[in-house]
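Encoded as structure tokens, the structure appears first; notes follow it.
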Amino acid sequence: IERIEAYGGVVLDEANARIDQVEGVKRAFDLGFKRVAVSVAGFQAEAISEIRKVEKIADADVLIFSVCNTCVGKEDVRHIVKADVACASASKMLRKEIGSKALMQLGVTIPVYALTEKGKRLVLAYLAEFKDKLVVFRTERLPYHVENKGPKLR
89 IERIEAYGGV VLDEANARID QVEGVKRAFD LGFKRVAVSV AGFQAEAISE
139 IRKVEKIADA DVLIFSVCNT CVGKEDVRHI VKADVACASA SKMLRKEIGS
189 KALMQLGVTI PVYALTEKGK RLVLAYLAEF KDKLVVFRTE RLPYHVENKG
239 PKLR
């Protein structure tokens, strides 16, 4: 906590080191920030919908990354689809339900999906700075899958 604050970061709850994405976004808005990025783990996917409500009320801009999605359920998917960028992790359901709605997919083994124009712009900005070689090609549908490549899906 001391190190975060020493580098100019703001801690939501110093006494308990509580992590709460929705309250963290609200705190950022209270501090005057209008553009905020937040990551939300799959087991807390419902927070994505709450953050979208808070974003609208504040008339602000939140970029949401959905991460750690291996064990998400069907109910979680309806929230994850509201993220800007989602990592499929080892989730078969997420690849099927979210991958098919993606505007862009990065990678095959552990795909990352850009679900909104904002997410797509972020991904393209990342790729513009990427130092390695890349292969980029067009496809008519997503998700793009290569048999026997990647983790055992759950």
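Counting in the working numbering, the sequence shown runs from 89 upward without gaps. Glycine included, each C-beta is placed from N, C-alpha and C at the ideal position.
Query: Cβ-Cβ distance between V110 and V142 below 8 Å; Result: yes
Query: A148 versus K206 - alpha carbon distance; Result: 13 Å
Query: CB of I136 within 8 Å of CB of V124, strictly; Result: no
Query: Beta-carbon contacts of D164 that lie in its chain and below 7 Å, excluding the five residues immediately before and after; Result: G130 and A133
Query: When I139, V196 and L212 are compared against V126, the one with the closest alpha-carbon; Result: I139
Query: Option in L119, S154 and G97 with minimal Cα separation from A176; Result: S154
Query: S127 - DSSP class collapsed to helix/strand/coil; Result: strand
Query: Endpoints, beta strand (DSSP E) assigned at I152; Result: D149 to V155
Query: From N157, K219, I152 and P231, residue whose alpha carbon lies closest to that of L191; Result: P231
Query: 8 Å Cβ shell around I168 - same chain, five flanking residues per side excluded; Result: G130, A133, I136, S154, N157, V160, A174, L182 and I186
Query: Rounded distance between the beta-carbons of L194 and V211, thought under 8 Å; Result: 6 Å
Query: Start-end ranges of the beta strand (DSSP E) lying completely within the segment 179–229, minimum 3 residues; Result: 192–194 and 200–202
Query: For A94, three-class secondary structure by DSSP; Result: helix
Query: Inter-residue Cα distance where the pair is L119 and D108; Result: 16 Å
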